[in-house]
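Enquirer: According to the numbering used here, the sequence shown holds residues 3 to 123 in order.
Ideal placement from N, C-alpha and C gives every residue a C-beta, glycine not left out.
None of the values given here were measured: they were computed from a predicted structure.
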Amino acid sequence: MRAFVLFLALLVALKIGVQDSFYRAATTDALVAAYRVRAAQACAASASPAPAPADGAAIDWSKGDEARVTIGKPSVPVHFWQFDHELWDARYRQPFLVLSGGNGLSCAYDLLADTAEIVRS
Numbered sequence: 003m004r005a006f007v008l009f010l011a012l013l014v015a016l017k018i019g020v021q022d023s024f025y026r027a028a029t030t031d032a033l034v035a036a037y038r039v040r041a042a043q044a045c046a047a048s049a050s051p052a053p054a055p056a057d058g059a060a061i062d063w064s065k066g067d068e069a070r071v072t073i074g075k076p077s078v079p080v081h082f083w084q085f086d087h088e089l090w091d092a093r094y095r096q097p098f099l100v101l102s103g104g105n106g107l108s109c110a111y112d113l114l115a116d117t118a119e120i121v122r123s
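#1: Per DSSP, I159 forms a beta bridge with which residues?
#2: When the Cα atoms are used, what is the spatial distance from V7 to L13?
#3: In chain order, what are the residue ranges of uninterrupted beta strand (DSSP E) at least 3 long that sit wholly in the region 96-122?
#4: With DSSP as the reference, please indicate the residues paired to V139 in a beta bridge.
#5: Going by the beta-carbon positions, is the gap between W63 and L101 smaller than 7 Å?
#6: Quick one: using the 10 Å Cβ neighbour count with 16 as the cut-off for buried, is R93 buried or exposed?
#7: Taking the alpha carbon of G133 as the reference point, which residue from I61, F9 and A32 has its own alpha carbon closest?
#8: Whose C-beta lies closer than 6 Å to the C-beta of S77 among residues of the same chain, with five residues either side of it excluded?
#9: Starting from the C-beta of A42, find all residues in its chain whose C-beta is less than 7 Å away, skip the five residues before and the five after it, and write them out in chain order.
#10: Looking only at its own chain, which residues have a Cβ that is under 7 Å from the Cβ of T72, when we skip the five neighbours before and after it?
#11: Can you tell me whether DSSP reads A60 as helix, strand or coil?
What follows is the structure, given as structure tokens:
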């Protein structure tokens, strides 16, 4: 009987894991589809332009193959225990759409603030 209960618990854990992965994949696809054009425009018109690639061509952020949604921005200098810091939400809670531009450049688009920042990775 104990083995049967463990087997059922394993099936429940597997079901929850599969449903969670499907939910996250669908949510990511929906956010990328909804905000990709706006993010590409914000990245192109970013107030702090990154250096142009070596060939001198401008980066077309809408053509990049890789777009991913991340929660929080690791470049914000806030520690986890600093709950009262004004940038804590930006570091650990706000969603960002990250577009790759090639040549080691990526653009982090803040979905809530409608701002973009180009970084060299």
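Expert: The structure says:
#1: Since the first residue shown for the chain is 3 and the last is 123, residue 159 is missing from the structure and cannot be characterised.
#2: 10 Å
#3: Unbroken beta strand (DSSP E) runs of no fewer than 3 residues, entirely contained in the region 96-122, are found at 97-104, 107-112 and 117-122, following chain order.
#4: Limits of the chain in this structure are 3 at one end and 123 at the other, which puts residue 139 out of reach.
#5: Yes, they are a contact pair.
#6: buried
#7: Outside the displayed span of the chain (3 to 123) sits residue 133, for which this structure offers no information.
#8: none
#9: W63, S64 and L101
#10: F98 and V100
#11: In the three-state DSSP reduction, A60 falls in the coil class, being neither helix nor strand.
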